[in-house]
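Line order of the protein sequences matches chains Z and E.
Using the working numbering, you'd call the opening residue of the first sequence number 3 and step up by one each time.
Using the working numbering, you'd call the opening residue of the second sequence number 123 and step up by one each time.
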Amino acid sequence: MANVLVCVKRVPDVSGEFALTDDEQSVDARRLGFTVSPHEECAVELATQIAGDTGGEATVLSVGSDDSIEQLRDALAVGCTKAVLVEADLAAIGPVDVARAIADVVRAHEAAGMAYDLILLGNDAADTGDFQVPVRLAYALERPVVTGISTVSADGETVVARGDGPDGPEVFELPMPAVVAVMEGGVTPRYPSIPGRMKAKKAPIETVAFAGEPVGSGRVRLKLPEVEASSVRILGTGADAAPAVVDVMEELGVLPR
Amino acid sequence: MSVLVLVEPDAGGATLTSLEAVTFARGLAEAAGGWPVHAVVVGPAEESVWSALLDQLGAYGVASVRHAEDESLSAYAAAAWAAALVDAVPAVSAQMVVASGTPRGNEILAHVAARLDVAMAANAVAVDAADPLVVSRQVVGGAALEEMRLDDSVGVVSVAGHACEPVAAAAPSQPEVVTYAPTLGAVDLVARVARVEEAAADESAALTSARVVVGAGRGAGGPDGFKDLLSLADLVGGALGVSRVVTSLGWRPHHEQVGQTGSRIAPDLYIPCGISGAIQHWAGCQSAKTIIAINTDEDAPMVTRADYAVIGDLHEIVPAINDELRRRLA
Chain Z
3 MANVLVCVKR VPDVSGEFAL TDDEQSVDAR RLGFTVSPHE ECAVELATQI
53 AGDTGGEATV LSVGSDDSIE QLRDALAVGC TKAVLVEADL AAIGPVDVAR
103 AIADVVRAHE AAGMAYDLIL LGNDAADTGD FQVPVRLAYA LERPVVTGIS
153 TVSADGETVV ARGDGPDGPE VFELPMPAVV AVMEGGVTPR YPSIPGRMKA
203 KKAPIETVAF AGEPVGSGRV RLKLPEVEAS SVRILGTGAD AAPAVVDVME
253 ELGVLPR
Chain E
123 MSVLVLVEPD AGGATLTSLE AVTFARGLAE AAGGWPVHAV VVGPAEESVW
173 SALLDQLGAY GVASVRHAED ESLSAYAAAA WAAALVDAVP AVSAQMVVAS
223 GTPRGNEILA HVAARLDVAM AANAVAVDAA DPLVVSRQVV GGAALEEMRL
273 DDSVGVVSVA GHACEPVAAA APSQPEVVTY APTLGAVDLV ARVARVEEAA
323 ADESAALTSA RVVVGAGRGA GGPDGFKDLL SLADLVGGAL GVSRVVTSLG
373 WRPHHEQVGQ TGSRIAPDLY IPCGISGAIQ HWAGCQSAKT IIAINTDEDA
423 PMVTRADYAV IGDLHEIVPA INDELRRRLA
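Following this line, the structure appears as structure tokens:
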């Protein structure tokens, strides 16, 4: 049996229009929807699969405002059975703080009889892209950690994790309890069923407050990269433009000789 | 005081992204007031690789190359690599530790930051100030930049892939070579590569190293809509890259994805076909040197950001380009 904790972060869905707030401290989300990163969608899928296969339980956790309950319910709808929200102002905290907050919940749950054999997270948050929470969490809990993992299975006392390395797919075998940071690509996240959604709507959500003095993120401000004015040269319309395209390729010297 | 940079070897010496990181580290060292840059190489390297590496790092003006050697470093373990870096910090009085923002580079630096209990800036693109250290780094997949201040005794910074051109130093050096055995505990070797599996024909490597990449998005229309695009890639000796929509719909495998959650490419020429240019995709292709966009919508972000564009249906344009190429290449 493997009990799995999977961590998700509510982030702006930037597939549409994108702008910053006037104070340059965050992404202006008034016109955007919210989501979790594709990495985390895969982590949730793996968590429910592993918990299901081993007869354990999958718990989803998020650190953020109570708006994050939307993302927790999304995970409950696809098979997580418990949810925890650590209420915190994400603008005031950084990866060190997030890792500590998660570690605090893990220790508190363990003291209350719920030990997590495996903690899954996304490889990096889609917005802040710090690449640190999984590793810092592992150090806080003194557990082994691997990142960039696309498939995970739990086998008795061992977790087998597979990810892409520079020389081909790499396999890690870690003793549990362990921390694994997941990258998109190894599994296809399932869609929630109607009964799943109904159940998720009613599921209780444990809420704890972020405790202690935050270290912060070091953010001075956000800025948009300088976008050069469009200097696109339209080579033509439709198939007639093909010779002009090949002319450009020849000028660039990219064609095989 | 100095800047320490992790250099990852490959068959030809240092990886391209490592040389980018060395270039960035040199800029950081200059901004700090002319500090030396020291390189760390972890694990075994073949003699030919090692001599190529030393030549390159000399050309890049590195003061010393510190080679962490231990039989346990024959297989990659992020914690062990980090331990080796952390050991070198006091040896060269490093105030900053730099690596490339590859998956491995970011992983190792996260361990370094956790071990030193200091902040880390991932995917930096520029140094704004040296004291206190402020860097600009990519966030939201490169759609925005964050100015981040690092106040700790050691600043840990990874360099966004292809954010800076690798440039040799004005004054080359003869790096001193220092071999050392890092202090490794059993705990540092727990999360170690147990085995590397046979790669299925080196698929994503072909994409990231291709000089020409043909991109395909939703406009391909379906799983059967890639034939002409693959022919185009074949004719120019390039590779096919696709947007996230294409892999999410299961039209093409994930290893072909270009974007924030896929591969980051920097080809000489990128030809995105039927790709609107959402942030998720732009994050992966913005380092292409030249872009020829093919799209029905002349206002699509990919078209306005491209160098050249053809307006129209890719299913008419791409076969015509292929015919033209066959004629000229014959």
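All residues carry an ideal CB built from backbone N, CA and C; glycine is no exception.
All values derive from a computational prediction rather than experimental measurement.
Delimiting residues of the alpha helix (DSSP H) encompassing residue i
i	result
Cys407 of chain E	401-407
Thr139 of chain E	138-153
Ala77 of chain Z	71-79
Ser353 of chain E	349-357
Gln178 of chain E	169-181
Glu253 of chain Z	244-254
Glu59 of chain Z	Note, Glu59 of chain Z: premise wrong, no alpha helix (DSSP H); not H, not E.
Best match in the options for proximity to residue i [C-alpha to C-alpha]
i	options	result
Val210 of chain Z	Z:Met116, Z:Pro227, Z:Glu228, Z:Val107	Z:Val107
Leu123 of chain Z	Z:Met251, Z:Phe36, Z:Ser64, Z:Pro216	Z:Ser64
Ala328 of chain E	E:Pro389, E:Leu126, E:Gln217	E:Pro389
Thr274 of chain Z	Z:Leu143, Z:Ala180, Z:Thr149, Z:Glu144	As displayed, chain Z neither begins before 3 nor continues past 259, which places residue 274 of chain Z out of reach and without an answer.
Gln134 of chain Z	E:Val364, E:Arg386, E:Ile433, E:Ser280	E:Ser280
Ala241 of chain Z	E:Asp310, E:Arg237, E:Val440, E:Leu138	E:Val440
Val6 of chain Z	Z:Leu74, Z:Thr83, Z:Glu252	Z:Thr83
Gly343 of chain E	E:Leu436, E:Ala293, E:Gly381	E:Leu436
Gly156 of chain E	E:Val125, E:Gly180, E:Pro166, E:Leu141	E:Val125
Ala115 of chain Z	Z:Gly96, Z:Asp91, Z:Glu59	The sequence shown places Gly at residue 115 of chain Z, rather than the Ala named in the question. Taking only the C-alpha atoms, the option nearest Gly115 of chain Z is Z:Glu59.
His233 of chain E	E:Ala205, E:Gly223, E:Ala244, E:Val220	E:Ala205
Leu254 of chain Z	E:Ala241, E:Asp132, E:Ile413, E:Ala202	E:Ile413
Ala422 of chain E	E:Ser409, E:Ile401, E:Lys411, E:Glu438	E:Ile401
Phe212 of chain Z	Z:Ala93, Z:Arg75, Z:Ile121, Z:Met3	Z:Ala93
Val318 of chain E	Z:Glu172, Z:Gly96, Z:Arg32	Z:Glu172
Thr301 of chain E	E:Ala213, E:His377, E:Ala431, E:Glu152	E:Ala213
Ser295 of chain E	E:Arg237, E:Arg259, E:Ala265, E:Gly183	E:Gly183
Residues that residue i bridges to, as DSSP identifies them
i	result
Asp157 of chain Z	Z:Thr160
Gly124 of chain Z	Z:Val184
His189 of chain E	E:Val163, E:Thr301
Gln27 of chain Z	Paired residues: none, contrary to the question.
Asn417 of chain E	E:Ile433
Glu208 of chain Z	Z:Val86
Lys411 of chain E	Lys411 of chain E pairs with nothing; no bridge assigned.
Val380 of chain E	E:Ser385
Asp219 of chain Z	Reading off the sequence, residue 219 of chain Z comes out as Ser, not Asp. The partner list for Ser219 of chain Z (beta bridge, DSSP) is empty, contrary to what the question assumes.
Arg271 of chain E	E:Val256
Ser280 of chain E	E:Ala221
is_contact[residue i, chain Z] using C-beta, thresh 8 Å
i	result
Met218 of chain E	no
Tyr430 of chain E	yes
Ala293 of chain E	no
Thr305 of chain E	no
Met123 of chain E	no
Trp359 of chain E	A small correction: the amino acid at residue 359 of chain E is Gly; Trp does not occupy that position in the sequence shown. Yes, Gly359 of chain E counts as interfacial toward chain Z.
Pro345 of chain E	no
His284 of chain E	no
Asn417 of chain E	no
Leu451 of chain E	yes
Thr139 of chain E	no
His233 of chain E	yes
Glu298 of chain E	no
Gly135 of chain E	no
Thr145 of chain E	no
Pro131 of chain E	no
Glu446 of chain E	yes
CB contact below 8 Å: residue i versus chain E
i	result
Pro258 of chain Z	yes
Pro194 of chain Z	no
Ala243 of chain Z	yes
Glu215 of chain Z	no
Thr56 of chain Z	no
Delimiting residues of the beta strand (DSSP E) encompassing residue i
i	result
Asn5 of chain Z	Where Asn5 of chain Z is concerned, there is no enclosing beta strand (DSSP E), given that its DSSP letter is neither H nor E.
Val38 of chain Z	No beta strand (DSSP E) contains Val38 of chain Z, which DSSP labels as neither H nor E.
Ser124 of chain E	124-128
Tyr392 of chain E	391-395
Check: residue i C-beta below 7 Å from any heavy atom of the ligand PLP
i	result
Leu306 of chain E	Absence of the ligand PLP is noted for the structure shown, with no ligands found whatsoever.
_Output needed in chain order: residues of the segment 24-50 of chain Z with a Cβ under 8 Å from some Cβ in chain E._
Taking 8 Å as the Cβ-Cβ cut-off against chain E, the residues of the segment 24-50 of chain Z that qualify are Val29, Ser39, Pro40, His41.
*Using a Cβ-Cβ cut-off of less than 9 Å, list which residues of the segment 376-396 of chain E approach chain Z; keep chain order.*
Correct list: His376, His377, Gln379, Gln382, Thr383, Gly384, Pro389, Asp390, Leu391, Ile393.
*Report the residues of the segment 135-157 of chain Z with a CB closer than 7 Å to any CB of chain E, ordered along the chain.*
Within the segment 135-157 of chain Z, the qualifying residues are Val137, Arg138, Tyr141, Pro146, Val147, Val148, Thr149, Gly150.
*Taking only beta carbons into account, state which residues of the segment 397-414 of chain E come closer than 7 Å to chain Z, listed in chain order.*
Taking a C-beta cut-off of 7 Å against chain Z, the contacting residues of the segment 397-414 of chain E are Ala400, Ile401, Gln402, Thr412, Ile414, listed in chain order.
*Taking only beta carbons into account, state which residues of the segment 121-134 of chain Z come closer than 8 Å to chain E, listed in chain order.*
Against chain E - using a Cβ distance shorter than 8 Å - the residues of the segment 121-134 of chain Z are Asn125, Asp126, Ala128, Asp129, Thr130, Gly131, Asp132, Phe133, Gln134.
*Under 9 Å (Cβ pairs) to chain Z, residues found in the segment 243-272 of chain E*: Using a CB distance below 9 Å, the part of the segment 243-272 of chain E facing chain Z consists of Ala243, Ala244, Asn245, Val247, Asp250, Val256, Ser258, Arg259, Gln260, Val261, Val262, Gly263, Gly264, Ala265, Ala266, Leu267, Glu268, Glu269, Met270, Arg271, Leu272, ordered along the chain.
_Taking beta-carbon pairs under 9 Å, can you tell me which members of the segment 305-320 of chain E lie near chain Z?_
Using a CB distance below 9 Å, the part of the segment 305-320 of chain E facing chain Z consists of Val309, Val312, Ala313, Arg314, Val315, Ala316, Arg317, Val318, Glu319, Glu320, ordered along the chain.
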